[in-house]
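Residue numbers (the working numbering), protein chains in the order written: chain B, 15 to 253; chain X, 94 to 397.
Written as structure tokens, this is what we have:
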């Protein structure tokens with residue numbers, strides 16, 4: 015968990031948006047890394063992240079009152095659900111959905127899966143934001159021992175009218191999107207991608223998105239046109 | 094006394110030598126909320142082709158030590174949509190607009206150059222010759238002196254505004270290729286484009302980039318770029334735009350002293366969207382501190 019106090023006034027983010035963060039002033043790592051914000055309250059912005067490489071290690075090495083550079087808030091937003099909804103999170107993907115759950119407290123049925131219990135952070139806080147939560151782990155160390163898609167599929171079968179919001183690994187999101195398509199449910203996915211600029215300039219983070227004119231899809235920037243897309247428009251490739 | 098930052102790049106007068114490197118600044122509008130475009134010497138837009146181009150599959154980028162590899166594949170909206178949809182925005186600013194363009198044949202280069210050079214508000218063209226030639230077994234235009242001569246000569250005939258040729262560093266002698274560009278009618282040269290590189294995932298033993306190879310940019314390539322600017326400065330009379338890993342005004346100054354009259358900021362935009370304007374300000378401060386009245390005095394002022 016990282017909490018930042020901006021030195022200058024910054025725009026207030028909306029659920030689904032993200033920031034590009036960089037700790038330290040060296041050229042290695044060179045690029046900022048994208049992170050969904052967890053919460054933005056009283057002028058501070060919090061992030062929940064997992065250490066994955068050089069960029070996150072440098073962030074984890076920060077001490078209190080050190081500075082970090084950021085760009086944001088960036089990207090589009092989750093379309094706000096008008097009533098009850100379903101959220102499906104994979105591991106640290108909860109970081110993106112957390113602000114949505116908070117903005118619609120008590121309205122979500124959450125399905126949250128991880129490999130082990132250790133991947134599921136802040137479970138009590140998250141539990142307090144949702145109507146009901148089903149937790150799954152691959153090894154059974156917390157909740158039900160299954161893929162997160164199994165209990166989700168069972169629940170959706172009798173709740174196909176509810177919109178589904180998903181953030182997790184690409185294979186998990188692809189699987190959830192397929193279940194939603196079969197059930198005829200609306201589904202919104204927050205995609206993850208390697209990014210350089212975060213503002214739609216470098217075109218490094220593109221994904222193929224279908225539109226009215228192109229069934230094969232056209233490259234859109236995850237950072238600028240997303241990260242949230244209607245799952246029925248995403249052309250899932252290579253996963 | 095406020096030092097003069099104005100430079101003349103092959104007939105285009107810039108208010109300062111700082112430009113954006115093509116492909117790192119979109120069509121200008123992507124960065125307009127971070128940077129006052131009026132502060133820049135020029136905005137060099139992402140490379141344009143005759144028809145829209147989809148670009149390469151992903152992954153397209155990977156970070157490397159103090160640098161990044163990219164294989165975007167020249168994704169762009171095509172020259173017609175650029176003129177119709179992007180130029181009205183760019184015309185609103187008090188800066189020079191330089192359009193980078195490319196083709197997969199000499200004919201395509203000619204068509205794009207003709208359309209862009211007739212467009213109101215386009216001040217110069219920058220020719221990317223680091224792309225493959227359909228008619229020559231997809232060999233890169235800018236690596237063969239005969240082909241480079243042919244394509245630059247042909248574009249020169251239709252281009253009504255200053256023509257900059259952007260040289261590839263992936264050659265034996267960039268100074269020789271610069272001379273070829275000069276003799277073929279280029280008004281200026283810009284260098285360097287990215288250096289071809291590769292990264293491998295050691296677990297899967299596959300290339301990290303879908304395109305297998307990509308172009309290396311960022312601070313990692315700066316010493317190579319400075320050396321090449323110096324070599325080209327000693328070989329040609331036309332102005333040079335230097336680029337390759339410029340992150341700060343100190344980096345930009347190395348290029349100016351080596352012989353560049355203009356400089357372009359590329360990968361640094363990704364790290365710090367305000368990098369260009371910060372470099373303009375720090376450049377001005379450096380000249381004042383060093384009591385240099387005119388930035389042109391620094392150009393090629395290397396002491397050996």
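For each residue, glycine too, the CB sits at the ideal point set by N, CA and C.
Query	Result
Which residues in the same chain as residue 309 of chain X place their Cβ atom closer than 6 angstroms to its Cβ, once the five residues preceding and following it in sequence are excluded?	160, 162, 287, 288, 290
What does DSSP give as the partner residue(s) for residue 36 of chain B in the beta ladder?	B:83
Any beta carbon of chain X sitting closer than 7 angstroms to that of residue 253 of chain B?	Legend: pLDDT at residue 253 of chain B = 47, less than 50; position of this residue unreliable, value from coordinates given subsequently. No, residue 253 of chain B lies away from the interface with chain X (no Cβ there is under 7 angstroms from its Cβ).
What are the residues of the segment 226-242 of chain B that lie near chain X, defined by any Cβ-Cβ distance shorter than 7 angstroms?	233
Does any CB atom of chain X fall closer than 7 angstroms to the CB of residue 208 of chain B?	yes
Along the chain, where does the alpha helix (DSSP H) that runs through residue 169 of chain B open and close?	163-171
Please work out which residues of its chain come closer than 8 angstroms, Cβ to Cβ, to residue 136 of chain X, disregarding the five sequence neighbours upstream and downstream, and give them in chain order.	112, 113, 118, 121, 130, 183, 186, 188, 189, 190, 191
When you compare the CB of residue 165 of chain X with every CB in chain B, is at least one pair closer than 7 angstroms?	yes
On the criterion of 16 or more Cβ atoms from any shown chain inside 10 Å, does residue 168 of chain X qualify as buried, or is it exposed?	buried
Consider the Cβ of residue 348 of chain X: report whether some Cβ of chain B lies at a distance smaller than 7 angstroms.	no
Please report the straight-line C-alpha distance between residue 363 of chain X and residue 172 of chain B, rounded to a whole angstrom.	46 angstroms
Using a cut-off of 7 angstroms between C-beta atoms, extract the partners of residue 118 of chain X located in chain B.	215
Got a sec: is the Cβ-Cβ distance from residue 168 of chain X to anything in chain B below 7 angstroms?	yes
Taking a cut of 9 angstroms between CB atoms, which residues from the segment 346-380 of chain X lie near chain B?	360, 362, 363, 364, 365, 366
On the CB-based measure, 16 or more other CB atoms within 10 Å of its CB, does residue 67 of chain B come out buried or exposed?	exposed
Do residue 134 of chain X and residue 107 of chain X have their C-beta atoms closer together than 7 angstroms?	yes
Could you spell out where the alpha helix (DSSP H) holding residue 202 of chain X opens and where it closes?	199-210
Going by DSSP in three states, residue 60 of chain B sits in which element: helix, strand or coil?	strand
Would you call residue 196 of chain X buried or exposed, if buried means 16 or more other Cβ atoms sit within 10 Å of its Cβ?	buried
Please check if any C-beta of chain B sits within less than 7 angstroms of the C-beta of residue 219 of chain X.	no
Taking a Cβ distance cut-off of 7 angstroms, strictly less, list which residues of the segment 307-334 of chain X are near chain B, in chain order.	311, 312
Inspect the CB distances between the segment 33-47 of chain B and the segment 80-94 of chain B and report whether three or more fall short of 8 angstroms.	yes
Give the residues of chain X in contact with residue 48 of chain B, contact being defined as C-beta atoms less than 9 angstroms apart.	Simply none; closest approach about 12 angstroms.
Just the C-alpha distance for residue 212 of chain B and residue 88 of chain B, rounded to the nearest angstrom, thanks.	7 angstroms
Once DSSP output is grouped into helix, strand and coil, what is the label at residue 253 of chain B?	Reliability of the predicted coordinates at residue 253 of chain B is poor, the pLDDT of 47 falling under 50, and the value obtained from them is presented with this limitation in mind. Residue state, collapsed to three classes: coil.
Bridge partners of residue 188 of chain B, per DSSP?	Partner(s): none; residue 188 of chain B has no beta bridge.
If you run the structure through DSSP and keep just helix, strand and coil, what is residue 386 of chain X?	coil
Using DSSP with H/G/I as helix, E/B as strand and the rest coil, what is residue 73 of chain B?	helix
Whole-angstrom Cβ separation of residue 234 of chain B and residue 193 of chain B, contact assumed at under 8 angstroms?	Contact doesn't hold; Cβ gap of about 23 angstroms is too wide.
Against chain X, which members of the segment 70-94 of chain B pass a CB distance test of less than 8 angstroms?	83, 85
Roughly how many whole angstroms lie between the Cα atoms of residue 316 of chain X and residue 57 of chain B?	42 angstroms
Looking only at its own chain, which residues have a Cβ that is under 6 angstroms from the Cβ of residue 75 of chain B, when we skip the five neighbours before and after it?	none
Using only CA atoms, which one of X:166, X:353, X:224 lies nearest to residue 283 of chain X?	X:353
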